[in-house]
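Notes follow the structure.
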Amino acid sequence: MQPAMELVNLYKSIGKKQIIKNLSFSIYPGEVFGFLGPNGAGKTTTIRMMVGLMKITSGDVKINGTSVKNDFKGAIQHVGAIVENPEMYPFMNGWKNLKHYARMMNGITDERIREVVSLVGLEKAMKEKVGKYSLGMRQRMGIAQALLHRPSVLILDEPTNGLDPAGIREIRQYIRRLAEQEQVAVIVSSHLLSEIELMCDRISIIKNGELVTVEEVQNSTEKDERVEVWLEVEPVDKAKAVIEKHHELEVVVHHDKLSMSVTKETIPEIVKGLVQDQVNVYEVTTKSSSLEDKFFDVIGENTIA
Amino acid sequence: MLNFLSLLKNEQVKLYSRFSTWSMYIILASIIILAGMITAIFGDVDTEGYGNDWRAELQAENEQLQAEMEESEFAIHENSINKNNYYLEQDIKPQPYDAWAFTSEFSMLGFMLSLFMVIIASGLIAGEFRWGTIKLLFIRPISRTKIWLSKYITIMITTLSMFVFMFLFAMILGSLLFGINGLSPSMVQLSGNEWEQVNIVKEILSQYGLILVELVIMATLAFMISSLFRNSAMAIGLTIFLMFAGASVVIYLSEYDWAKFILFANIDLQPYFGPGQPMIEGMTLTFSVIVLLTYYVVFLLASWFAFTKRDVAGH
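As you go down the protein sequences, you meet chains W and R in turn. Read in order, the letters of the first sequence correspond to residues 1 to 305 in my numbering. Read in order, the letters of the second sequence correspond to residues 1001 to 1315 in my numbering.
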């Protein structure tokens, strides 16, 4: 399958400073791709190069196979984007703002504008000046202008910034729907894993302008995959003996807790065994995914910065 | 082409969605109304005109003016007397004050118009950067050059519409207050040291035309500064400072030969057409036009280059 967007050995230098170093990855139609990194990692710079706001020092960005560098118009017509904040003309109403962007592209009817407006649920706000909109409404206006021309690639820079939990949930639903029903490739940047983890299929992590990793997000762990389980039990020693009697496992004692690495399907059996042998079980937790570990490994080093 | 027309339409919609643009028209209209009222109520303009024996009337007027001058040393009527004598010598019947004469007086509003155009030109580019909307303009399948051109042409369209508004408003108000005498009236005015009869319509057009030259150059300068610094306060401030200080700088530097190449030594073309001297001796109309054109092209190129080639980085 041809990638909807492809970054090929992308570099950006400003003066002598290299801001983006050798970034390469591909995003496919129907996929929601997370672009994660601490503040200042180069997310917005990369996005600005993707949409031609900043010149590419070396490497290339291809959109449906068309190079942004060589054929900007041909490439950008497939892209809808919000870069940083969703900014609009504050002195015009919502409708005039959308009309303004619609005039810049071919074949966008009033019908299509109304369709997009109802998709983001702003029908009632169209006659109000954008200056009076709340941040959440402006985010939705930003998405509306990005969707006008039915793009095959949608780039959203920090779309959950400043939204309340209900707003984040709503945006998450739009984005999933766009990807699944319209086969749009969506790129979502964020500096918070928790805000985009639930909407992404894959997440890339960048730091200091370099790609650290690209990971699949698994919403439910596979049955035969091993997870780390922590048990709070009493008495600890007896529990350890019981588990080791029934299963061939390496159990580690941490003060009043036990940890072990097991497949998901053995967890109920362990608990059942403990209960039968009169051990009190207070808590069973599975440790978070490897993605979160990696993310914290990356940003942990510059939490202060 | 269709594409470009929609860009122009966008610029017009943005411009006229803001009260500040309308307030410029309101200010112009207010000044014209105020001037009209003052002239109509306190002015000593003659809207009645002279009768059939206007020669005798002019003679009597001159005698009276002469007597006033002899009585008091503060009464200086030489110009009026000379003007009346010119009418008598050339056998031209003086025409009463009317809408044409009224309209021709508003070439003095040229400075006001320059100010407005500088404000608009500064805002067109810097505004997009201030609102952050420049990012959403640049990620459309339209070249930056086209967007730049649509903005520049918008300044020209706005300049023209303000001129037409000023002209029509003064004409309509003038004909209501003073009446109108035909479509091709003439008046007598001092040109150099000589009195001569000129066609008012031609006079108005040439006066407005000369203002237009200065206005276009200043607006282009503001447009360039606005593209370079992406900040409208900077563009407005710097351009207006140069408008005021430019002439004094030229006078200060006038002993040097290269001073005649300074923009502000050339921007006022009036001396080549009427009374007055060019700022530095030996300058000709052709020279000034070439210098102005050179500056104009440089301003446009610098503005285009800054607008289309530079990265749009964060704040």
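Ideal Cβ positions, reconstructed from N, Cα and C, are used throughout, including at glycine.
Query                                                                                                                                                                                                                            : Result
Determine which residues share a DSSP beta bridge with M5 (chain W) and list them.                                                                                                                                               : W:I27 and W:I63
For I19 (chain W), count neighbouring C-beta atoms within 10 Å of its own C-beta (all shown protein chains included) and say buried if the count is 16 or more, exposed if not.                                                  : buried
Using 8 Å as the cut-off, can you tell me whether the region 1 to 21 of chain W makes contact with the region 157 to 172 of chain W, which would need three or more C-beta pairs spanning the two stretches below that distance? : no
Determine the closest residue to V253 (chain W) out of W:D237, W:P268, W:L119 and W:Y101, with distance taken between C-alpha atoms.                                                                                             : W:D237
Report yes if the CB atom of P159 (chain W) is closer than 8 Å to the CB atom of Q139 (chain W), and no otherwise.                                                                                                               : yes
Can the beta-carbon of K127 (chain W) be found less than 8 Å from the beta-carbon of N93 (chain W)?                                                                                                                              : yes
To which residues of the same chain is L119 (chain W) closer than 8 Å at the C-beta, ignoring the five residues directly before and after it?                                                                                    : A144, L147 and Y174
Could you please tell me which residues of the region 1009 to 1032 of chain R, in chain order, have their CB closer than 9 Å to any CB of chain W?                                                                               : K1009, N1010, V1013, K1014, S1017, R1018 and F1019
Could you give the distance in angstroms between the alpha-carbon of V1249 (chain R) and the alpha-carbon of Y1152 (chain R)?                                                                                                    : 29 Å
So V83 (chain W) and K1135 (chain R) are supposed to be a Cβ contact under 8 Å. How far apart are they, rounded?                                                                                                                 : 5 Å
Just to confirm before moving on: does the CB-CB distance between K240 (chain W) and L258 (chain W) stay below 8 Å?                                                                                                              : yes
Taking DSSP's pairing of strands, which residues face D157 (chain W) in a bridge?                                                                                                                                                : W:S189
Does R1230 (chain R) get closer than 8 Å to chain W when you measure Cβ to Cβ?                                                                                                                                                   : no
With DSSP as the reference, label A1245 (chain R) as helix, strand or coil.                                                                                                                                                      : helix
Verify the CB distance criterion: does N208 (chain W) have a CB-CB separation below 8 Å to chain R?                                                                                                                              : no
Is M88 (chain W) helix, strand or coil by DSSP?                                                                                                                                                                                  : coil
Would you say K1151 (chain R) reaches chain W, if we count a Cβ-Cβ gap shorter than 8 Å as a contact?                                                                                                                            : no
Exposed or buried, W1022 (chain R), counting other C-beta atoms within 10 Å across all chains shown (16 or more means buried)?                                                                                                   : exposed
Could you name the residues of chain R that R103 (chain W) contacts, counting a contact when the two beta carbons are closer than 8 Å?                                                                                           : S1006, L1007, K1009 and N1010
Near S1080 (chain R), which residues of its chain fall below 7 Å by C-beta distance, leaving aside the five closest residues on each side in sequence?                                                                           : L1065
From R:T1039, R:K1093 and R:N1003, pick the residue whose C-alpha is nearest to that of Y101 (chain W); which is it?                                                                                                             : R:N1003
Please determine, among W:I27, W:V32, W:L10 and W:S24, the residue with the shortest C-alpha to C-alpha distance to M199 (chain W).                                                                                              : W:V32
Identify the residues that DSSP records as bridge partners of G34 (chain W): which are they?                                                                                                                                     : W:V188 and W:I203
For L1124 (chain R), go through chain W and note every residue whose CB falls closer than 9 Å to its CB, in chain order.                                                                                                         : Within chain W, no residue comes near L1124 (chain R); the closest Cβ sits about 13 Å away, beyond 9 Å.
Residues of the region 104 to 133 of chain W in Cβ contact with chain R at a cutoff of 7 Å, in chain order, please.                                                                                                              : M104 and M105
Taking the CB atoms as reference points, tell me whether S204 (chain W) and V214 (chain W) lie closer together than 8 Å.                                                                                                         : yes
Where M1 (chain W) and M88 (chain W) are concerned, what is the direct C-alpha to C-alpha distance, given to the nearest angstrom?                                                                                               : 36 Å
Could you tell me whether any Cβ in chain W is nearer than 8 Å to the Cβ of A1233 (chain R)?                                                                                                                                     : no
Looking at C-alpha atoms only, which residue of R:L1028, R:L1088 and R:S1114 is the closest neighbour of W1054 (chain R)?                                                                                                        : R:L1088
Could you please tell me which residues of the region 1113 to 1140 of chain R, in chain order, have their CB closer than 8 Å to any CB of chain W?                                                                               : W1131, G1132, T1133, K1135, L1136, L1137, F1138, I1139 and R1140
Whole-angstrom Cβ separation of A1222 (chain R) and S1122 (chain R), contact assumed at under 8 Å?                                                                                                                               : 5 Å
Scan the region 83 to 96 of chain W for residues whose Cβ lies nearer than 8 Å to a Cβ of chain R and list them as they occur along the chain.                                                                                   : V83, E84, N85, E87, M88, Y89, P90, F91, M92 and K96
Looking at C-alpha atoms only, which residue of W:G34, W:H191 and W:P29 is the closest neighbour of F296 (chain W)?                                                                                                              : W:H191
Answer yes or no: does any C-beta atom of chain W fall closer than 8 Å to that of A1306 (chain R)?                                                                                                                               : no
Counting along the chain, where does the alpha helix (DSSP H) carrying R226 (chain W) start and finish?                                                                                                                          : R226 (chain W) -> not in any alpha helix (DSSP H); beta strand (DSSP E) instead, spanning R226 to E234.
Buried or exposed for T1220 (chain R), please, with buried defined as at least 16 other CB atoms from any protein chain shown within 10 angstroms of its CB.                                                                     : buried
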